[in-house]
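Visitor: Top line first, the protein sequences correspond to chains F and A.
Using the working numbering, you'd call the opening residue of the first sequence number -6 and step up by one each time.
Using the working numbering, you'd call the opening residue of the second sequence number 307 and step up by one each time.
Cβ atoms here follow ideal geometry from the backbone N, Cα and C, with glycine treated the same way.
First the structure, then my questions, so here it is.
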Amino acid sequence: MDKITKTIIRYEWRSFVRNKFQLLLLAIIFLFGMYAIYYGASVVNVQKKTISDVQKIEEDEFYQYQISFNEELNSVDAKRKRDIASNPSYAWFRHGYHAVLPPHNYAALAIGQRDLHPYYHRLTGMSLYYQLFENEIANPVKLYVGNFDLSFVIIYLFPLLIIAFTFGLYSIEKESGVLALLRIQSISIRKIVVTRLLFYFMLITGLALLISLIGLLVLSNIFSNENFLAAVAWLAGVILYSAFWFSLMFLIISFFKSSAFNAICAAGCWLLFLLVIPAVLNVWMISKYPIDTTHLAELTRRTGLENENDEKEQTEVLSEFLEHNPKYKASDSLFNNNRYAKVYAAFTALKDSHSKKDVDAYNSQIGKRNKWVNQFLWINPAVNMQDAFTLISKTDLNTFLNYQSALTKFHKDITSFYYDRLFWDKSITQEDYSKRPVFKMKESNERWSMVLFSFLKIALILVPIGLVGFMKMKKITN
Amino acid sequence: MKTYILIAKKEIKIALREKLVLALSSIILVLLGISLFTGVISYQQQQKAITKAQDEKRKEWLEQGDKHPHIAAHFGTFIFKPKTVLSLFDFGLDTYTGTSVYLEAHYQHQFMFRPAQDHNSMIRFGELSSALVLQILMPLLIIFLAYASFTKEKERGTLRLLNSQGVTLTSIAWGKIMAYFIILLTILTPFILGILLLSYWLKTPDTITDLRMRIGLLGTTYMAYIFLFVVLSVLVSIKSSVSRNALLTLLTCWILFTIIIPKTMANFGEGLYPLPSMKIYKEGILKDKENGLDGKTPKAVRIAKLEKELLKKYKVDSVQQLPFNFEGVSMQAGEEYGDKVYDVHWGRLLNIFNKQNKLGSYVSLFNPYMALRNISMGLSATDLSASVDFQKKVENYRRIFIKKMNNDMAQNSNYGEFYEYSVGLDMWESVEDFKYKTPSIYSTLKKYVLEFVSLFSWIILLILLLNYITRKTKLNNG
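Shown next as structure tokens:
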């Protein structure tokens, strides 16, 4: 670092420390950051509490089933209990398994879509889709205004801080007459501007990193395996996003206009990236790719056979079911036993396979509109940053779609567990309980490449903007 | 009066020369155009889909064939939330409230499929509606138009010249305010014409009541909001020494009003009055239905009590001897008890919602944006109370239709003969189709008294303040 740079930084530091207003701004942002972390953590804690309640309910339920095997069958109640525990004709639609999507350790930092999508499900062998689409209770006003989490503070408020600190970097000097004094010095204006911008970049990014670090440390151990990469990616994202806004300010300053012009221009950009572009894209997307969920509603209806006593209808249902599930063919002769329970099970399974088409169509529609909108997003660092943050903290739409397909798989495991016993006329034994299906969800292997891609898109717009500013400033000052 | 007009004329001329103002006005007009266009398209798409689905479900209900009324009550039907025509102006909470519900006996199903669930996290940046443009972007245009109204004159010394000619500060201020208001109204003319044209052209089902009055009141409220921001901007400009400070103060107000306060308040509300999770909520309902609201009268006891009462009333000794089918009566009694339980739990839930949102209403006294936002949603019938009203009417419809089924079973079928009895088309037709009408404008207005008080007192206060300050301020100091 040469002497001049040191001098500039020293004077910048002095004027920064003396400016009460700026210090106040930083303090306010810091407090906002702390509140955001606290708020995010409280939302996630409520969800964690719900999850543990739900898991407790499941444990209790299965505990009741298991102890019923040890009880004497000397009362109607005990017999009924044993029946529910051991007879697959009842058990398949009574036993409730809970699938949960536990929040990532850093979900509190970017709540994303977690307040909108259900994150736990109680599944029985009943029709999957009947159980899949139920929502969590939420105040729509709250959903509408969104969450005051750390991602909001970084994505919305930090750019404003950057604008407030830098919009007058050059023009105020000019307006107050200091510029004329600087011009007679041997140092180029560009160097002064760049040095001062770098000073504020360090300062503000430092604050953002500090707040983020507090959040990361408070919420979890950053050095654990699952957290480390997420923490690093979060911090890298913060630096990148801040760098984008500084390069944008650099470009705006390089026009050498009045400070009011700079402020309006910067506020305009902020508005464009954070409000106008996403808002326009959202409505454009809705009218271009409308999604009609009305026919999905039908999936939530519980239906039965037209006439439960009609043998012909029963046979039709059973034979169609066998076509889809040939493994039960061998037990054909056994259809005479416990026929009604089997028909009901077969009917439910068939309903799901018929509905699958509609649900797949719905999911592919969502995929299509996201794909369409993604081609416009490279231009918007704010949305990319939001995407990256939600990916890092696993609160993005993909995580939920992933969870849904894991649910589908889990439901399949549940039904086969019970159907295998129902159709082979076996009862559920106490030992079977240790073999019952468990919910598993595979980590999406696209997650980190998607984060990286979002970063790349931000960098792709950051670099040219900074370069143009640099060139422009060179032209004018030399 | 003449001076006002003279000043206003001059201001308008100057504003028309400002490229920034022209550019911003055209951007706002374009955005309003886009919002109306996409609003109309998606309104029509959704309205069409909903009408189609509703007709299909009606047909399905009528053509379900002959069956036992209780089976029909389980077969049930679906209701889809119709869009109000004003929702194309203000989407309100429509994106975050469920759109369809399944109606059947015994259970109150929840509304499913919130449109926001079909989106990735970009939806949380908001959607471009005309209301959003007018509520959030319009104030910015006003700020840019008026922030320098006095500071520029001060910086150039023209204010003193004017004053020396005997023009009071008050009349200059009002002349400017008039000019800006006229400019803004002119900008809005094409938009207002577009809306009027649309209201003739769009064929709308009459879901919304008092449409004309709603539109009139919306217009007035938005005008008041715009006027309020003009006065505020001019006032800040009078009090500021340089343009830059005026701009910064106004931008800070804008960000606080439109971004930070609404979010923090909704988040606070949620923290203060926490919501139960769906699982716990439903468990509560189930438990109270099972064991009675007092926890001491289980279902079996309630039925036995009813049986005893009826036997006594009709002076017979067995249910078979009753002049009606006891199963139907007990079914209906169970239904009504379930409704009672549901009302208690749902009431509690709504109470929490109301408490959370009431906080926003109180804060709107200090924040005109929130006041306007709430009023606008209310008048467009896209607010929470409209959504709750819809849910209540749907639930009421469910109760009437289930009661019809149970009463028919009680009157016309025999005890213990379930599969022997069936009804057909006549019965299905006797259940009227569901038609929705929003609550009247008066009941909406009653909910937003605080918000109206807020806008009104803001305007009065600002006018008084402006007059006071313009009289007190001595130019030779400023």
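What ranges does the alpha helix (DSSP H) occupy inside the segment 32 to 102 of chain F, keeping only unbroken runs of at least 4 residues that lie completely in it?
Guide: 69 to 79 and 81 to 87, all fully within the segment 32 to 102 of chain F.
Visitor: Start and end of the alpha helix (DSSP H) containing F/Ile204?
Guide: Element bounds for F/Ile204: Ile182 to Leu212.
Visitor: Is the CB of A/Tyr725 under 8 Å away from at least one CB in chain F?
Guide: It does: the Cβ of A/Tyr725 has a partner Cβ on chain F nearer than 8 Å.
Visitor: Can you have a look at F/Gly230 and say buried or exposed, based on whether 16 or more other CB atoms are within 10 angstroms of its CB?
Guide: With 16 or more other Cβ atoms within 10 Å, it is buried.
Visitor: At what residue ranges does the segment 325 to 352 of chain F contain a whole run of the beta strand (DSSP E), taking only runs of 3 or more?
Guide: As far as the segment 325 to 352 of chain F is concerned, it has no whole beta strand (DSSP E) run of at least 3 residues.
Visitor: Checking contacts by CB at 8 Å: is A/Tyr703 closer than that to chain F?
Guide: Answer no: the Cβ-Cβ gap between A/Tyr703 and chain F never drops below 8 Å.
Visitor: What's the gap between the Cα of A/Leu326 and the Cα of F/Leu453?
Guide: When rounded, the distance between both Cα atoms is 29 Å.
Visitor: Determine the burial state of F/Leu455: buried for a count of at least 16 other Cβ atoms within 10 Å of its Cβ, exposed for fewer.
Guide: Result: buried.
Visitor: Taking a Cβ distance cut-off of 8 Å, strictly less, list which residues of the segment 123 to 137 of chain F are near chain A, in chain order.
Guide: Flagged, chain order: Phe126, Glu127, Asn128, Glu129, Ile130, Ala131, Asn132, Pro133, Val134, Lys135, Leu136 and Tyr137.
Visitor: Let me know the secondary structure DSSP gives A/Val622 once reduced to three states.
Guide: It is coil, neither helix nor strand.
Visitor: Taking the alpha helix (DSSP H) that F/Tyr4 belongs to, which residues open and close that run?
Guide: It spans Lys(-4) to Arg11 - the alpha helix (DSSP H) in which F/Tyr4 sits, taken as one unbroken run.
Visitor: Can you give the Cα-Cα distance for F/Val352 and F/Gln106, rounded to whole angstroms?
Guide: Those two C-alpha atoms are separated by around 20 Å.
Visitor: Could you compute how far the alpha carbon of A/Asp594 sits from the alpha carbon of A/Pro674?
Guide: In a straight line, the C-alpha of A/Asp594 is about 44 Å away from that of A/Pro674.
Visitor: Does DSSP put A/Arg777 in a helix, in a strand, or in coil?
Guide: Correct three-state label for A/Arg777: helix.
Visitor: Kindly indicate the opening and closing residues of the beta strand (DSSP E) around A/Ile561.
Guide: Element bounds for A/Ile561: not the beta strand (DSSP E) but the alpha helix (DSSP H), Ser549 to Ile561.
Visitor: For F/Ile2 and A/Leu523, I'd like the C-alpha separation in whole angstroms.
Guide: For F/Ile2 and A/Leu523, the distance between alpha carbons rounds to 57 Å.
Visitor: Nearest CA to the CA of F/Ile279: which residue from A/Ile318, A/Ser332 and A/Gly345?
Guide: Among A/Ile318, A/Ser332 and A/Gly345, the Cα nearest to that of F/Ile279 belongs to A/Gly345.
Visitor: Quick one: is A/Asn573 near chain F, going by C-beta distance under 8 Å?
Guide: For A/Asn573, the answer is yes, since a Cβ of chain F falls inside 8 Å of its Cβ.
Visitor: Would you say A/Tyr703 and A/Phe659 are within 8 Å of each other, going by their C-beta atoms?
Guide: Against a cut-off of 8 Å, the Cβ pair of A/Phe659 and A/Tyr703 comes out as no contact.
Visitor: Can you check which of these residues, F/Arg183, F/Tyr333, F/Phe382 and F/Thr159, is closest to F/Val225 by C-alpha distance?
Guide: Nearest C-alpha to F/Val225: F/Phe382.
Visitor: In whole angstroms, give me the CA-to-CA distance for F/Leu16 and F/Tyr4.
Guide: Rounded to the nearest angstrom, the two C-alpha atoms are 16 Å apart.
Visitor: Using only the alpha-carbon positions, how far apart do A/Glu701 and A/Gln414 sit?
Guide: Between A/Glu701 and A/Gln414, the C-alpha separation is close to 8 Å.
Visitor: Which residue wins for smallest C-alpha separation from F/His347, given the options F/Tyr123, F/Arg11 and F/Ile44?
Guide: Looking at the Cα atoms, F/Tyr123 is the closest of the given residues.
Visitor: Output the distance between the C-alpha atoms of F/Asn471 and F/Lys465, rounded to the nearest integer angstrom.
Guide: For F/Asn471, the predicted structure reports a pLDDT of 45, less than 50, and the residue's modelled location is therefore unreliable. A value from the coordinates is still provided. Those two C-alpha atoms are separated by around 10 Å.
Visitor: Find the residues of chain C that neighbour F/Tyr32, judging by a C-beta separation of less than 8 Å, and give them in chain order.
Guide: Note that chain C does not occur in the displayed structure, where the protein chains are F and A.
Visitor: Would you verify that the beta carbon of F/Asp413 is, or is not, closer than 8 Å to some beta carbon of chain A?
Guide: F/Asp413 does not count as touching chain A.
Visitor: What in chain A is Cβ-close to F/Gln106, meaning under 9 Å?
Guide: Simply Ala422, Gln423, His425, Asn426, Ser427, Ile429 and Arg430.
Visitor: Mapping DSSP to helix, strand and coil, what is A/Thr383?
Guide: Strand at A/Thr383.
Visitor: Are the segment 542 to 561 of chain A and the segment 17 to 32 of chain F touching, with three or more C-beta to C-beta distances below 8 Å?
Guide: Because the criterion of three Cβ pairs below 8 Å is not met, the segment 542 to 561 of chain A and the segment 17 to 32 of chain F do not touch.
Visitor: At a CB-CB cut-off below 7 Å, which residues of chain F make contact with A/Phe659?
Guide: Near A/Phe659 (Cβ distances below 7 Å), the residues of chain F are Asn132.
Visitor: Please classify F/Val93 as buried or exposed, where buried requires at least 16 neighbouring CB atoms within 10 angstroms.
Guide: F/Val93 should be labelled buried.
Visitor: In this structure, does DSSP put A/Ser455 in helix, strand or coil?
Guide: DSSP places A/Ser455 in coil when its eight states are reduced to three.
Visitor: Quick check on the DSSP output: the alpha helix (DSSP H) that includes A/His651 runs from which residue to which?
Guide: Segment Phe632 to Val669, the alpha helix (DSSP H) holding A/His651.
Visitor: For the segment 765 to 776 of chain A against the segment 688 to 696 of chain A, are there 3 or more C-beta pairs whose distance is under 8 Å?
Guide: With the cut-off at 8 Å, the segment 765 to 776 of chain A and the segment 688 to 696 of chain A do not touch.
Visitor: If you drop the 5 nearest sequence neighbours on each side, which residues of the same chain put their C-beta closer than 8 Å to that of A/Phe574?
Guide: Counting only Cβ-Cβ distances below 8 Å, and skipping sequence neighbours, we find Leu665.
Visitor: Any contact of the segment 76 to 85 of chain F with the segment 396 to 411 of chain A, i.e. 3+ C-beta pairs under 8 Å?
Guide: With the cut-off at 8 Å, the segment 76 to 85 of chain F and the segment 396 to 411 of chain A do not touch.
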